[in-house]
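Below: one structure, written as structure tokens.
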Amino acid sequence: MITTDYVPGAPAWIGLGTSDEAKAAEFYSGVLGWEYQPLDTPGTGVFTHAGRTVAGHVTSQSSSWTAHFAGSGPEVLLTDPHGVEFGVWHGPAGLGAVSVPGSLTWLELHSPAPSASASFYRSLFEWEIQLIPGAPGQFLRPAGTGEGSLFGAIVADAQAFWLPYFEVADVDRAASSAPVLLAPHDLDGVGRIAVLVDPFGARFGVMCSVTS
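Note that full-length UniProt numbering has the sequence shown beginning at 1, numbered continuously upward.
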């Protein structure tokens, strides 16, 4: 699971780019119960849930979610070989809450070449890869951590993008508030999930984990 330990290579931040700050705030308030707080820099802000920061926002003409991972050195945005933007996060503080309702709980990298993507990210973050019998994808955890530290997976897809999943109490309710790309359904040992899309075309998932 994703934690706030922020060991090297672990998810540390999730950021949304959209062209309309106010519309994004209204949409995610309705679906995930988030509140939006603009920052001093125009076009930037943070989403909060129960008073804790759960995501960031920046005004952008391209609409997508960008995952940031804990690392050393300067904070920087990079692009992987398939054109997917990601960030290296450096600092003592990242997200204020994870793996609880209203916050980031899982990350999937969709890739047309999963093995090549795994090699690329491992060269940067030294992720450990785990294969689970009967489960599609290559499962990811930070180096030197146990099975309970799995935070996401790389899965095969014709398109390349990071897909964040946010924990919710009721997947069907969340799915009734947004266009649906993958209808709500149960996954054994995982919980109930759905994949949605916001008004700008940014994809995201919602999950009610069996352990939540």
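Using N, Cα and C, we set each Cβ at its ideal position, and we do this for glycine too.
| Check | Outcome |
| --- | --- |
| For a test of the three-state rule: what should DSSP assign to A10, helix, strand or coil? | coil |
| In the DSSP output, which residue or residues are listed as bridge partners for S209? | G191 |
| List, from N- to C-terminal side, the alpha helix (DSSP H) runs of 4 residues or more that fit wholly inside the region 133 to 180. | 171 to 175 |
| Output needed for Y28: all residues of its chain with C-beta closer than 7 Å, excluding positions within five of it in sequence on either side, in chain order. | W34, F47 |
| Candidates P74, L77, L107: which alpha carbon is nearest P167's? | For clarity, residue 167 is Glu in the given sequence; the question names Pro instead. That would be L107, whose Cα lies nearest to the Cα of E167. |
| So the candidates are V155, W89, L104, A156; which of them puts its Cα closest to the Cα of G205? | L104 |
| So, is D186 buried or exposed, given that buried needs 16 or more other C-beta atoms within 10 angstroms? | exposed |
| Give a single yes or no on whether P114 has its beta carbon closer than 7 Å to a heavy atom of the ligand FAD. | As for the ligand FAD, it is missing from this structure, which has no ligand bound. |
| Say whether chain D places a C-beta atom closer than 8 Å to the C-beta of V190. | Absence of chain D from the displayed structure is noted, only one protein chain being present. |
| Quick check: the Cα distance between G43 and P112, rounded to an integer number of angstroms? | 32 Å |
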